[in-house]
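Peer 1:
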Amino acid sequence: MIFQSVNSVFLLKNKAIEESIYRLSDLLDELQMVVRSTFDRSYWVIAEIVSISEAKNGHLYLEIAEKENDFLQAKIRANLWSNAKRRILSEFEHTTNQTLKKGMKVLLNVTIDFHTVFGMSLNILDIDPNFSLGEIERQKQATLLKLEEEGLIDFNKQHVLTQAIQKIAIISSKTAAGYQDFIKQLSENTHNYTFQTTLFQATMQGEKASPSIIQALEKVEESSIDFDIIILIRGGGSTLDLSCFDEYQLVARLAQSLYPIFTGIGHERDISIADKVAHTYLKTPTAVADFIITHNRHFEDTLNSIAEIINQYAFSLVDNHKEQLSDLGKNLSYSAQQKMHESSQELIQNGYNYQHAAKTRLTKANFRLEKITLILKHDLNIRLRQIDQDLDLTFKNIIKESKELLQHNKNKTEQNAKYLTQHSLNSLQTNSLTVEQIEQLINLANPKQILKKGFSITRLNGKLLRSVKNIDNKYILSTELHDGILESKITNTEENEQETDL
Amino acid sequence: MSKKLTYSIALEELENIIQEIENEEISIDDLSIKVKRASTLLKFCKEKLRSTEDDINTILGEIE
Numbered sequence: 011m012i013f014q015s016v017n018s019v020f021l022l023k024n025k026a027i028e029e030s031i032y033r034l035s036d037l038l039d040e041l042q043m044v045v046r047s048t049f050d051r052s053y054w055v056i057a058e059i060v061s062i063s064e065a066k067n068g069h070l071y072l073e074i075a076e077k078e079n080d081f082l083q084a085k086i087r088a089n090l091w092s093n094a095k096r097r098i099l100s101e102f103e104h105t106t107n108q109t110l111k112k113g114m115k116v117l118l119n120v121t122i123d124f125h126t127v128f129g130m131s132l133n134i135l136d137i138d139p140n141f142s143l144g145e146i147e148r149q150k151q152a153t154l155l156k157l158e159e160e161g162l163i164d165f166n167k168q169h170v171l172t173q174a175i176q177k178i179a180i181i182s183s184k185t186a187a188g189y190q191d192f193i194k195q196l197s198e199n200t201h202n203y204t205f206q207t208t209l210f211q212a213t214m215q216g217e218k219a220s221p222s223i224i225q226a227l228e229k230v231e232e233s234s235i236d237f238d239i240i241i242l243i244r245g246g247g248s249t250l251d252l253s254c255f256d257e258y259q260l261v262a263r264l265a266q267s268l269y270p271i272f273t274g275i276g277h278e279r280d281i282s283i284a285d286k287v288a289h290t291y292l293k294t295p296t297a298v299a300d301f302i303i304t305h306n307r308h309f310e311d312t313l314n315s316i317a318e319i320i321n322q323y324a325f326s327l328v329d330n331h332k333e334q335l336s337d338l339g340k341n342l343s344y345s346a347q348q349k350m351h352e353s354s355q356e357l358i359q360n361g362y363n364y365q366h367a368a369k370t371r372l373t374k375a376n377f378r379l380e381k382i383t384l385i386l387k388h389d390l391n392i393r394l395r396q397i398d399q400d401l402d403l404t405f406k407n408i409i410k411e412s413k414e415l416l417q418h419n420k421n422k423t424e425q426n427a428k429y430l431t432q433h434s435l436n437s438l439q440t441n442s443l444t445v446e447q448i449e450q451l452i453n454l455a456n457p458k459q460i461l462k463k464g465f466s467i468t469r470l471n472g473k474l475l476r477s478v479k480n481i482d483n484k485y486i487l488s489t490e491l492h493d494g495i496l497e498s499k500i501t502n503t504e505e506n507e508q509e510t511d512l
Numbered sequence: 066m067s068k069k070l071t072y073s074i075a076l077e078e079l080e081n082i083i084q085e086i087e088n089e090e091i092s093i094d095d096l097s098i099k100v101k102r103a104s105t106l107l108k109f110c111k112e113k114l115r116s117t118e119d120d121i122n123t124i125l126g127e128i129e
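As you go down the protein sequences, you meet chains A and B in turn. Taking the numbering used here as reference, the numbering of the first sequence is continuous, increasing by one, and the terminal residue is 512. Taking the numbering used here as reference, the numbering of the second sequence is continuous, increasing by one, and the terminal residue is 129.
(1) Span of the alpha helix (DSSP H) holding residue 144/A?
(2) Is it true that the region 253–267 of chain A meets the region 142–153 of chain A, where meeting means three or more beta-carbon pairs spaced less than 8 Å apart?
(3) Could you name the residues of the region 63–85 of chain A whose beta carbon sits closer than 9 Å to any beta carbon of chain B, in the order they occur along the chain?
(4) Three-state secondary structure (DSSP) at residue 105/B?
(5) Where do the ends of the beta strand (DSSP E) carrying residue 206/A lie?
(6) What in chain A is Cβ-close to residue 98/B, meaning under 9 Å?
(7) Quick test of your reading: residue 83/B and residue 320/A, contact by CB under 8 Å. State the CB separation rounded to the nearest angstrom.
(8) Consider the Cβ of residue 168/A: report whether some Cβ of chain B lies at a distance smaller than 8 Å.
(9) Under 7 Å, CB to CB, which of the residues in the region 101–115 of chain B have a partner in chain A?
(10) Among the candidates 159/A, 287/A, 127/A, whose CA atom is the shortest distance from the CA of residue 7/A?
(11) For the region 204–237 of chain A, which residues have a beta carbon sitting closer than 8 Å to at least one beta carbon of chain B?
(12) Give me, in chain order, the residues of the same chain whose beta-carbon lies closer than 8 Å to that of residue 183/A; leave out the 5 immediate sequence neighbours on both sides.
(13) Would you report the Cα separation of residue 90/B and residue 350/A, rounded to the nearest angstrom?
(14) With 8 Å as the threshold, decide whether the Cβ of residue 70/B is near any Cβ in chain A.
(15) Count the C-beta pairs between the region 154–162 of chain A and the region 171–182 of chain A that are closer than 8 Å, then say yes if the count reaches three, no if not.
(16) Can you tell me whether DSSP reads residue 214/A as helix, strand or coil?
(17) On a CA-only basis, which of 462/A, 495/A, 283/A is nearest residue 472/A? Give me that one, please.
(18) Just checking: is the beta-carbon of residue 90/B within a distance shorter than 8 Å of some beta-carbon in chain A?
(19) Taking DSSP as the reference, what is the three-state secondary structure of residue 125/A?
(20) By the DSSP assignment, the alpha helix (DSSP H) with residue 81/B in it spans what residues?
(21) Which partner residues does residue 118/A have in the DSSP bridge list?
(22) For chain A, find out if any of its Cβ atoms is closer than 8 Å to the Cβ of residue 87/B; answer yes or no.
(23) Which of helix, strand or coil does DSSP assign to residue 196/A?
(24) Have a look at residue 2/A and residue 448/A and give me their C-alpha separation to the nearest angstrom.
(25) For residue 122/A, which residues in the same chain have their Cβ closer than 7 Å to its Cβ, ignoring the five residues on either side in sequence?
(26) Considering only DSSP beta bridges, list what residue 89/A is partnered with.
(27) Tell me, please, whether the CB atom of residue 333/A is closer than 8 Å to any CB atom in chain D?
(28) Considering only their Cβ atoms, is the gap separating residue 111/A from residue 62/A smaller than 8 Å?
(29) Determine the direct distance from the alpha carbon of residue 313/A to that of residue 114/B, and round the result to whole angstroms.
(30) If you follow the beta strand (DSSP E) that residue 182/A is in, where does it begin and where does it stop?
(31) Give me the Cα-Cα distance between residue 289/A and residue 168/A, rounded to the nearest whole angstrom.
(32) Return the chain-ordered list of same chain residues with a C-beta closer than 8 Å to the C-beta of residue 85/B, the five sequence neighbours on each side being excluded.
(33) As a quick exercise: from 71/A, 60/A, 56/A, pick the residue whose alpha carbon is nearest that of residue 140/A.
(34) Let's test the definition: count the other Cβ atoms within 10 Å of the Cβ of residue 47/A and tell me whether it reaches 16, buried, or not, exposed.
(35) Assuming contact is defined by CB atoms lying nearer than 8 Å, are residue 143/A and residue 106/A in contact in what I supplied?
(36) Can you check which of these residues, 113/A, 453/A, 266/A, 357/A, is closest to residue 224/A by C-alpha distance?
Okay, here's the thing in structure tokens:
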């Protein structure tokens with residue numbers, strides 16, 4: 011549209027000029043005129059600062075833009091002239107506690123200008139600090155919400171402080187007044203507590219603060235010293251530009267530190283997000299020092315009360331034991347006497363009892379003995395008489411039996427003598443008879459006698475013949491009879507079926 | 066005592082001693098040992114609060 015209107019003006023002029031070629035300055039002069047006449051008032055625009063730089067002459071040159079999802083929708087240069095700068099910036103910083111910087115969303119009152127050399131730009135007439143304040147707050151809330159969702163708000167508060175804080179890592183700048191205040195307050199404590207402080211230097215404000223502090227934090231955690239706490243102390247002086255303590259990256263890292271984080275950043279108005287995620291938040295470095303001293307003092311108080319309690323209990327325990335011992339002593343002597351008395355009484359009583367029992371037993375025993383003696387005497391007399399009688403009887407029996415035995419033996423001897431005489435005579439008679447009989451038997455056995463009886467002896471070739479076996483017919487046999495010898499020839503031989511024994 | 070003595074350990078031990086005495090778990094025989102131990106711990110804590118690191122090491126050397 012602008013181009014079209016410029017174009018139409020150009021064409022209108024063109025009619026009056028013969029040649030159609032222009033000098034650039036003429037053309038841009040025309041453009042400047044059109045721009046100034048068309049945009050002849052100021053406008054309020056919302057934009058994000060893309061870059062910002064201050065020239066030697068005191069002017070502030072900015073680049074502002076509009077982005078949608080990180081895509082540039084519009085971009086233009088904007089100038090804050092040195093004459094207006096002082097007023098505008100001081101009001102802005104006073105209200106927002108922040109300096110104008112890159113990435114910030116601002117509401118600007120601008121006029122549009124076209125310069126034939128520097129081109130199109132905006133002149134900043136005013137900046138609305140309340141808009142930025144709201145914007146900052148909105149961003150802060152968004153960061154807080156994110157931290158909350160990630161559970162980081164109270165994360166560092168989970169650290170349990172040591173009983174006495176002594177090893178302290180300080181993240182600050184060496185020359186910072188706040189650091190000096192802290193060291194002074196700490197070392198001049200009235201209880202003579204000692205502390206081991208180690209400074210880790212960092213830039214504490216401005217754009218570089220966030221990465222610088224994170225770096226220092228890493229050094230603390232890598233250190234060989236096992237610190238009790240880390241303290242963030244700001245440099246002091248102006249309270250401007252502490253927006254780094256609201257930056258997500260820094261506060262998220264602080265929250266997850268290995269050690270409890272103490273802040274003494276020194277905000278006047280409201281607390282930063284760094285304060286919110288810290289283990290302990292205090293307004294000033296001096297307040298941090300006081301807190302630590304009080305913490306240690308509290309520990310020493312605890313120690314003292316422990317000492318007191320132990321003392322009291324120990325003494326009362328000893329006293330109790332003394333009393334108990336004394337009571338025990340008394341009880342012991344009383345009990346001992348009592349016991350001895352009882353025992354002696356008992357002994358006497360027992361003595362009586364034993365005497366009586368013994369007497370009774372003795373009387374009884376005596377009585378029994380007498381009784382037994384009487385019975386034994388009686389029994390013995392009876393037994394003796396019996397034995398006497400038995401002996402008499404036995405003696406008589408022996409005499410009688412002896413006589414009988416003698417008589418019997420005498421008879422038997424006589425009998426034996428008679429029998430012996432008789433038997434001898436018989437034996438002689440029997441023997442003479444037998445001799446005659448033997449003579450007869452011998453005669454009977456003589457072959458001559460046998461031959462006389464009709465028996466004969468048959469021989470073959472001079473040998474006695476006893477069998478018909480193996481006898482040939484041609485053999486000549488000789489047969490002896492009692493009165494001579496016959497010779498005969500065999501005509502027939504017949505064997506008996508069964509050999510008969512003679 | 067091989068473990069390095071810290072405030073927390075010392076305090077815990079002291080509290081245990083108190084509890085033992087309170088509950089009368091300590092016999093009169095052990096009492097002096099316990100009281101002596103308690104006073105050693107108390108002395109350690111108090112001196113450590115006021116000593117430099119070197120001094121602390123000396124104290125630790127005495128106690129451990």
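Ideal Cβ positions, reconstructed from N, Cα and C, are used throughout, including at glycine.
Peer 2: Based on what the coordinates show:
(1) Indexing the first sequence from 1 puts residue 144/A at position 134. Run containing residue 144/A: 139–159, per the alpha helix (DSSP H) assignment.
(2) yes
(3) none
(4) Residue numbering aside, residue 105/B sits at position 40 when the second sequence is read from its first letter. Helix, per DSSP.
(5) For the purposes of this step, residue 206/A is taken as the residue at position 196 of the first sequence. Unbroken beta strand (DSSP E) run through residue 206/A: 206–211.
(6) Residue numbering aside, residue 98/B sits at position 33 when the second sequence is read from its first letter. Neighbours of residue 98/B on chain A: none; closest Cβ ~11 Å, over 9 Å.
(7) One-based indexing of the second sequence puts residue 83/B at position 18. One-based indexing of the first sequence puts residue 320/A at position 310. Right, their Cβ atoms sit about 6 Å apart.
(8) Counted from its first residue, the first sequence places residue 168/A at position 158. No, residue 168/A lies away from the interface with chain B (no Cβ there is under 8 Å from its Cβ).
(9) 103, 107, 110, 111, 114, 115
(10) Residue numbering for chain A in the displayed model covers 11 to 512; residue 7/A lies beyond these limits and cannot be assessed.
(11) 204, 206
(12) Here the question's residue 183/A lines up with position 173 in the first sequence. Same-chain partners within the cutoff: 189, 211, 212, 213, 214, 245.
(13) Residue mapping note: residue 90/B aligns to position 25 of the second sequence, counting from 1. Residue mapping note: residue 350/A aligns to position 340 of the first sequence, counting from 1. The alpha-carbon atoms of residue 90/B and residue 350/A are separated by roughly 36 Å.
(14) The sequence position of residue 70/B within the second sequence is 5, counting from 1. No, no contact with chain A.
(15) no
(16) Against the first sequence, residue 214/A aligns to sequence position 204. Note: residue 214/A maps to coil in three-state DSSP.
(17) For the purposes of this step, residue 472/A is taken as the residue at position 462 of the first sequence. Cα-wise, what sits closest to residue 472/A is 495/A.
(18) In the second sequence, counting from the first residue as 1, residue 90/B sits at position 25. Closer than 8 Å: no.
(19) Working through the first sequence from its first residue, we reach residue 125/A at position 115. In the three-state reduction of the DSSP assignment, residue 125/A falls in the strand class, which pools E and B.
(20) For the purposes of this step, residue 81/B is taken as residue 16 along the second sequence, with counting starting at 1. 72–87 is the span of the alpha helix (DSSP H), which, as asked, contains residue 81/B.
(21) As a first step, residue 118/A is located in the first sequence; it is residue number 108 there, counting from the start. According to DSSP, residue pairing for residue 118/A in a beta bridge involves 55/A, 137/A.
(22) Taking the second sequence and counting its residues from 1, one reaches residue 87/B at position 22. With 8 Å as the cut-off, residue 87/B counts as an interface residue toward chain A.
(23) Taking the first sequence and counting its residues from 1, the one referred to as residue 196/A is at position 186. Residue 196/A falls in the helix class under three-state DSSP.
(24) Nothing can be reported for residue 2/A, as the shown portion of chain A is limited to 11 through 512.
(25) Here residue 122/A corresponds to residue number 112 of the first sequence, with the count starting at 1. Contacts found: 45, 49, 132.
(26) Looking up residue 89/A in the first sequence gives position 79. Looking at the DSSP output, residue 89/A shares a beta bridge with 71/A, 133/A.
(27) Absent from the structure: chain D. Protein chains present are A and B.
(28) Here residue 62/A refers to the residue found at position 52 of the first sequence. Here residue 111/A refers to the residue found at position 101 of the first sequence. Yes, these two residues count as a Cβ contact at 8 Å.
(29) Along the second sequence, read from residue 1 onward, the residue named residue 114/B stands at position 49. Along the first sequence, read from residue 1 onward, the residue named residue 313/A stands at position 303. Rounded to whole angstroms, residue 114/B to residue 313/A spans 12 Å at the Cα level.
(30) For the purposes of this step, residue 182/A is identified with residue 172 of the first sequence, where counting begins at 1. Residues 177–182.
(31) Position 279 of the first sequence, counting from 1, holds the residue named residue 289/A. Position 158 of the first sequence, counting from 1, holds the residue named residue 168/A. Their backbone Cα atoms lie some 8 Å apart in a straight line.
(32) What you label residue 85/B is simply residue 20 of the second sequence in a count that begins at 1. Excluding residues within five positions, the ones whose Cβ falls inside 8 Å are 91, 99.
(33) By 1-based counting over the first sequence, the position of residue 140/A is 130. Selected option, being the one with the closest Cα: 56/A.
(34) As a working mapping, residue 47/A is identified with position 37 in the first sequence. The residue is exposed, with fewer than 16 neighbouring Cβ atoms inside 10 Å.
(35) Position 133 of the first sequence, counted from the start, is the residue given in the question as residue 143/A. Position 96 of the first sequence, counted from the start, is the residue given in the question as residue 106/A. Yes.
(36) If you number the first sequence from 1, residue 224/A lands on position 214. Closest option to residue 224/A, Cα to Cα, is 266/A.
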